[in-house]
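2 protein chains.
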Amino acid sequence: MADLAENSAVRGCMVIKPYGYAIWEKMQAELDKMFKATGHQNAYFPLFVPKSLFEAEEKNAEGFAKECAVVTHYRLKTDPEDNSKLIVDPDAKLEEELVVRPTSEAIIWNTYKNWIQSYRDLPILVNQWANVVRWEMRTRLFLRTAEFLWQEGHTAHATKEEALKETRLINGLYANFAESFMAIPVVQGVKSESERFAGAEETYCIEALMQDGKALQAGTSHFLGQNFAKAFDVKFATQSGGLEYVWASSWGVSTRLMGALIMTHSDDNGLVLPPNLAPIQLVIVPIYKGLEQLEAISYVANQIKTELEVVGISVKYDDRDNFKPGYKFNDYELKGIPLRIAIGPRDLENKVVELARRDTLEKNLVPMDGLTHHIQALLEEMQTNLFNKALKFREDHITEVDDFDAFKSVLSERGGFISAHWDGTPETEEAIKKQTQATIRCIPLTENPTEGKCVYSGKPTSQKVLFAKAY
Amino acid sequence: MADLAENSAVRGCMVIKPYGYAIWEKMQAELDKMFKATGHQNAYFPLFVPKSLFEAEEKNAEGFAKECAVVTHYRLKTDPEDNSKLIVDPDAKLEEELVVRPTSEAIIWNTYKNWIQSYRDLPILVNQWANVVRWEMRTRLFLRTAEFLWQEGHTAHATKEEALKETRLINGLYANFAESFMAIPVVQGVKSESERFAGAEETYCIEALMQDGKALQAGTSHFLGQNFAKAFDVKFATQSGGLEYVWASSWGVSTRLMGALIMTHSDDNGLVLPPNLAPIQLVIVPIYKGLEQLEAISYVANQIKTELEVVGISVKYDDRDNFKPGYKFNDYELKGIPLRIAIGPRDLENKVVELARRDTLEKNLVPMDGLTHHIQALLEEMQTNLFNKALKFREDHITEVDDFDAFKSVLSERGGFISAHWDGTPETEEAIKKQTQATIRCIPLTENPTEGKCVYSGKPTSQKVLFAKAY
């Protein structure tokens, strides 16, 4: 209803509408700045992965083979039975099928093979903004779509330590982006083996909690070890004259972040946008009867608009005559515009405006004098307020649990994260998942080892993890 | 050799390397700003077009059917004969094949159908940055690749006049971008019917001339009439209560512009970048013996760098110790960096730097005092100089021709554009193409009708067009 996206004629693929895309562009611009500030460069690699490359890294191939779109032909021809129709031309079969990239490790490491000879060629710190396709069976707008937009970083390093450092650096960058820019609190952690990226040695992640009590994986950063270097035979001459396999990381966030945004901040009136993400931060609506009143209001509204734009606030003045103020108010609430100013004839006389906050829905009369400063401060306050609100919700929904009955009742009655000891075995993890649908979201980085008993098996363990039902 | 791009493991698909991509990002940023300044918004539509939608607009389908990548399956499985291999899973055949978009009119107009009910929903001014795939038989880096990056605008209007105005507006915008930003002079014109975009009523274009005398179509803007509205049944309620088909335009430029850039400005030493397009506008190379000299030079070099960056000039200080100055000079020349400063110990004493221009290859000693202003002015001068140089070349290579023998000899000996009368028939156009490989690049917008005889058929005609061999 906020006009962000819609389903398309292609199963599982979405159309991102202009308003939704404008928010995504804000995310892109900020992330891109952060990547470049940490020494990364953008590049572009092919959409297609030849099958023989795709299958080179076994685990990666196994992980994605079940859900990939495959190009088998390169031509259509007129249907001889119906001239208005086209059919696949059987004479245009590809010698080798092409997989539409579900992720680009394979095609990129096959390329890096030619870029890397010596330690002097390292590190490679490359990012790509691209579309990828995973033929998921159950799809949902923004959260799980067959095609989605993302960035994928692919780095190559001379040492394990350096690759690990990069993996952690980016996970921290993602956490910082989610919290400071999107006002979404996240837990940083590592995945259990079964939840790891196919082909990774370790997967770092940021996990957010949605208002319905379900967790959402908002970004991942993978330490790939030498797996892809071995699969594609990428070795480098070391400074001391040896020959070694290259170490790797890969990391990505996607249009799924749009889903995180929607489900973290929205309320019953619609979307709520943190000021940082709002394509329009403030809208001005005139309340008037007749052209004379409108002209007087417009004069002041445009002054306010100009002053706000000078300090970098994006403003829309909506003087459309064919929509009533009430309709406009509702529409901008639905769309989550952070601030709304209404100006009527009496406000002009009193030199005030009515200022409405989207986050708290409060309305106040505010003097026109000093309005720009007031609004600047308010937008900052709202950004912080939204984060704090989401943080409080998250903190209220992390429940420490010691036994499996409590685990089940908390999960079904309260939801959220459950912090519990886990014996570290995939069997326990699987059993809990089967009985409760909860998965291990992550082993939090901040968690200090504490002795305890596994919430399911009762075995002693020092490892505490976060469980939740997840998107 | 300038490290812009390379061929990939996928036939006809390129890898755009970081340096090439950084130049493309400059183009994107400027174009995006120009689109938004003229009221356009970005959105994103699916990569795939279901075959039944693809075939809806007959001419468009016919034009692209011969060269499109087709997805037929959505899963791979382990090869029962070799566990390390994957094969297409015959059980995962799509009910309807999906075409990888060669252009997005079909999927977009199928979407617009739901967006447009009344005149109030118009105009729609939407642009998309995306990858597209056209399975060309002969490919060439940047100029003709199976996958390429582009932007495609798709607009919907209530009247024919408005759609035509939009089509022309964008062609003018492209011309302005090519000339002012890329320093590439272009001829604006319309295509002959045989060169029109499949599904268009009229194709406007910008045509550039490369240094080898061949023309390059650098951008196109299509007036689509009501063709797609009819194919997808997109009607709107008019203000007066009627029901009419919507009018459309579409327009695009692509990574082909990288090819235009390379072939317009390069010289025997490598790429020459107009300052507007240079990711690094100036490089500073220290000339030193020993650490003490390097430290003294670095101090000054970093001062210069900071001062230049303050006024928005992008600077790299290359103090790498494992490469000699001569190697660096060559490398930056290859990469087309507009300005190079070399600083040695004697320069420090004399308070000068050696400043080398990439466009003219001139070197001069320039006082450090006032250097920033000097460089600002010089970068502007170089931008203009490159345009003027290319313009002179283009003007020198437009030859007026009256008979077909002259046509042939100019084409083979001098190349470039040939300005000649054409009788307007596809037969003549085809015959000329067959005998000379020259095509009608465009009917220039600026050309006033003048009476004359067709260069091939001798028939009287007032229409003069530009012929050339083209990429």
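If you're matching them up, the sequences are chains A and B in order.
Under the numbering used here, the first sequence has 247 at position 247, and the numbering climbs by one with no breaks.
Going from the second sequence to the numbering used here is simple: count from 1 and add 471.
Note that CB positions come from ideal geometry on N, CA and C, so glycine has one too.
Checklist entry - Quick one: Cα of residue 807 of chain B to Cα of residue 554 of chain B, how far? => result 50 Å
Item to check | Distance CB(residue 442 of chain A)-CB(residue 205 of chain A) smaller than 8 Å | outcome: yes
Checklist entry - Should residue 611 of chain B be labelled buried (16 or more other beta-carbon atoms within 10 Å of its own) or exposed? => result exposed
Next on the checklist: Measuring alpha carbon to alpha carbon, tell me which residue in B/751, B/623, B/767 is nearest residue 757 of chain B.
Outcome noted: B/767
Checklist entry - Assuming residue 439 of chain A and residue 467 of chain A make a contact with CB atoms under 8 Å, what is their CB distance in whole Å? => result 7 Å
Next on the checklist: Closer than 9 Å between beta carbons: that is the criterion. Which residues of the region 521–547 of chain B meet it against chain A?
Outcome noted: 521, 522, 523, 524, 525, 526, 529, 532, 533, 535, 536, 537, 538, 539, 540, 541, 542, 543, 544, 545, 546, 547
Next on the checklist: Under 7 Å: does the beta carbon of residue 459 of chain A sit that close to some heavy atom of the ligand GTP?
Outcome noted: Among the components modelled here there is no ligand, and therefore nothing to report on the ligand GTP.
Item to check | Alpha-carbon to alpha-carbon, residue 369 of chain A and residue 849 of chain B | outcome: The alpha-carbon atoms of residue 849 of chain B and residue 369 of chain A are separated by roughly 46 Å.
Checklist entry - Taking the continuous alpha helix (DSSP H) assigned at residue 40 of chain A, which residues delimit it? => result Residue 40 of chain A -> no alpha helix (DSSP H), and no H or E assigned at all.
Item to check | Supposed close pair residue 953 of chain B, residue 857 of chain B - CB separation, criterion 8 Å | outcome: A query on residue 953 of chain B cannot be resolved here, the shown segment of chain B reaching from 472 to 942 and no further.
Item to check | Inter-stretch contact at 8 Å, needing at least 3 Cβ pairs: the region 566–581 of chain B / the region 523–539 of chain B | outcome: yes
Next on the checklist: I need the DSSP call for residue 180 of chain A, collapsed to helix, strand or coil.
Outcome noted: The answer is helix: DSSP assigns residue 180 of chain A an H, G or I state.
Checklist entry - Taking all protein chains shown into account, do 16 or more other C-beta atoms lie within 10 angstroms of the C-beta of residue 779 of chain B, making it buried, or fewer, making it exposed? => result buried
Checklist entry - Taking residue 502 of chain B as the reference, which of B/592, B/621, B/551, B/587 has the closest Cα? => result The shortest CA-to-CA distance from residue 502 of chain B to any of B/592, B/621, B/551, B/587 is the one to B/621.
Next on the checklist: Against chain B, with Cβ distances strictly below 8 Å, would residue 33 of chain A count as a contact?
Outcome noted: no
Next on the checklist: Give the list of continuous beta strand (DSSP E) stretches no shorter than 3 residues that lie fully inside the region 799–834 of chain B.
Outcome noted: 810–814, 823–828
Checklist entry - For the candidate residues B/691, B/574, B/784, whose alpha-carbon lies nearest to that of residue 943 of chain B? => result As displayed, chain B neither begins before 472 nor continues past 942, which places residue 943 of chain B out of reach and without an answer.
Item to check | residue 24 of chain A - DSSP class collapsed to helix/strand/coil | outcome: helix
Checklist entry - Listing by chain order, which chain A residues have their CB less than 7 Å from the CB of residue 496 of chain B? => result 42
Next on the checklist: If distances are taken between C-alpha atoms only, which option among A/62, A/93, A/454 comes closest to residue 542 of chain B?
Outcome noted: A/93 is the residue among A/62, A/93, A/454 whose C-alpha sits nearest the C-alpha of residue 542 of chain B.
Checklist entry - Hey, residue 85 of chain A and residue 91 of chain A: beta-carbon distance below 8 Å or not? => result no
Checklist entry - Just reading off the alpha helix (DSSP H) that residue 622 of chain B is part of, what are its end residues? => result Premise fails: residue 622 of chain B lies in the beta strand (DSSP E), 618–628, not in any alpha helix (DSSP H).
Next on the checklist: Please list, in chain order, the chain B residues whose beta carbon lies closer than 8 Å to that of residue 399 of chain A.
Outcome noted: Under the 8 Å cutoff, chain B gives no residues; its nearest Cβ is about 39 Å from residue 399 of chain A.
Checklist entry - How many Å lie between residue 197 of chain A and residue 7 of chain A at the Cα? => result 27 Å
Next on the checklist: For a contact defined as C-beta to C-beta under 7 Å, what are the partners of residue 582 of chain B on chain A?
Outcome noted: 8, 15
Item to check | Proximity to residue 591 of chain B [Cα-Cα], best of B/629, B/785, B/689 | outcome: B/629
Checklist entry - Who are residue 144 of chain A's beta bridge partners in DSSP? => result A/140
Next on the checklist: Against residue 135 of chain A, what residues of chain B qualify as contacts under a CB-to-CB distance less than 8 Å, listed in chain order?
Outcome noted: 545, 546
Checklist entry - Are residue 258 of chain A and residue 23 of chain A closer than 8 Å when you measure CB to CB? => result yes
Checklist entry - Taking 8 Å as the CB-CB cut-off, is residue 569 of chain B touching chain A? => result yes
Next on the checklist: Against residue 317 of chain A, what residues of chain B qualify as contacts under a CB-to-CB distance less than 9 Å, listed in chain order?
Outcome noted: Per Cβ cutoff of 9 Å: no residues; residue 317 of chain A is ~15 Å from chain B at best.
Checklist entry - What is the DSSP secondary structure of residue 82 of chain A, counted as helix, strand or coil? => result strand
Next on the checklist: With a threshold of 8 Å, are at least 3 pairs of Cβ atoms found where one atom belongs to the region 451–471 of chain A and the other to the region 709–727 of chain B?
Outcome noted: no
Checklist entry - I think residue 261 of chain A touches residue 182 of chain A, with their Cβ atoms under 8 Å apart; what is that distance to the nearest whole Å? => result 6 Å
Checklist entry - Shortest alpha-carbon distance to residue 819 of chain B belongs to which of B/772, B/785, B/782? => result B/772
Item to check | Spatial neighbours of residue 374 of chain A in its chain, beta-carbon cut-off 7 Å, leaving aside the 5 residues before and after | outcome: 366
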